[in-house]
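Just so we're aligned, residue 4 is where the sequence shown starts under the working numbering, counting upward by one. Each residue gets a CB set at the ideal place from its N, CA and C atoms; glycine is no exception. Before any comments, here is the structure.
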Amino acid sequence: MIDIGANIGGYSMFTAGALGRFTLIIDCYLPNIENIARAVQIQRVQNRVVLVHNALYSKSGEYITLSKSTPSEIELRETAQQNITSEFVVQTIRFDDLLPILIERKVQSVVIKIDIEGSEGFMCETGSKTFDLIDIQVIIMEWGHGFRKWHRKRYEFMTLFFTERQYIVTDAFCNQLNLTAWETTWPGDIFWIKKINFKNNIC
């Protein structure tokens with residue numbers, strides 16, 4: 004499991020604890036990371052969890068300011084001035100920067116849950132190598148009604164990225180969605196599922 008934008012870590016604790024699976028957690032908000040770290044210690048799943056405190060972005064090593072909204076609604080904002088000790092300033096990574104962790108842990112297939120408020124496109128923009136080398140079977144993501152209009156090109160790119168890699172998109176009930184209606188009728192939560200897995204072992 005790769006949990007990008009873990010928030011309180013509900014998905015992560017389920018996969019690492021209840022399912023006993025390796026879980027890679029990426030979150031840009033330091034208090035979230037600290038809370039999850041405590042939960043990991045309480046559940047005694049340190050050997051199955053890797054925590055990464057960074058923001059997914061188009062470039063590595065940049066410093067980005069988080070909007071000061073609720074932790075579950077954090078957005079990235081570029082800034083020229085950074086106080087790197089602030090919990091609202093975080094260093095960026097590309098998705099492919101995580102590949103060495105997956106290789107070291109001998110991860111061959113994985114499910115991704117991503118919830119990073121309109122920045123999901125950075126996973127696709129910077130993750131081609133990871134998608135080529137790792138069998139990413141399912142991607143669970145929000146498809147924000149506002150974000151898909153404000154960042155139209157970003158969402159259009161994601162749709163093309165997944166369809167070119169032979170993914171089918173569904174709602175939570177495994178109903179296949181119309182690819183041409185991504186901007187209008189898709190629900191707020193969607194699932195990209197590899198075609199080979201769609202009817203065989205997922206839906």
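Assigned with DSSP and collapsed to three states, V43 falls in helix.
Per DSSP, the beta bridge partners of D192 are E145.
Between the beta-carbon of M161 and that of E123 there is about 7 Å, and that keeps the pair under the 8 Å contact cut. K116 and N178 have their alpha carbons spaced roughly 19 Å apart. Considering only F98, S70, M4 and I36, the residue with the shortest C-alpha distance to S63 is F98.
Secondary structure note for Y170: its beta strand (DSSP E) is the uninterrupted segment Y170 to T173. Around the beta-carbon of W189, 16 or more other beta-carbon atoms lie within 10 Å, marking it buried. Just measuring C-alpha positions, the residue of G20, F176 and G130 sitting nearest I96 is G130.
Looking at the DSSP output, K116 sits in a beta bridge with D6 and I143. With respect to the 8 Å criterion, V93 and N57 are classified as neighbours on the basis of their beta carbons. The Cβ atoms of D174 and I193 lie closer than 8 Å to each other.
Assignment of T133 by DSSP, reduced to helix, strand and coil, places it in the helix class.
Measuring C-alpha to C-alpha distances from H154 to each of M16, E120, F164 and C206 identifies E120 as the nearest.
V55 places its beta carbon 8 Å or farther from that of V43. With a contact defined as Cβ atoms closer than 8 Å, L180 and V172 qualify at about 5 Å. Counting other Cβ atoms within 10 Å of its Cβ, S61 stays below 16 and is therefore classed as exposed.
Per DSSP, the beta-bridge partners of T95 are A58.
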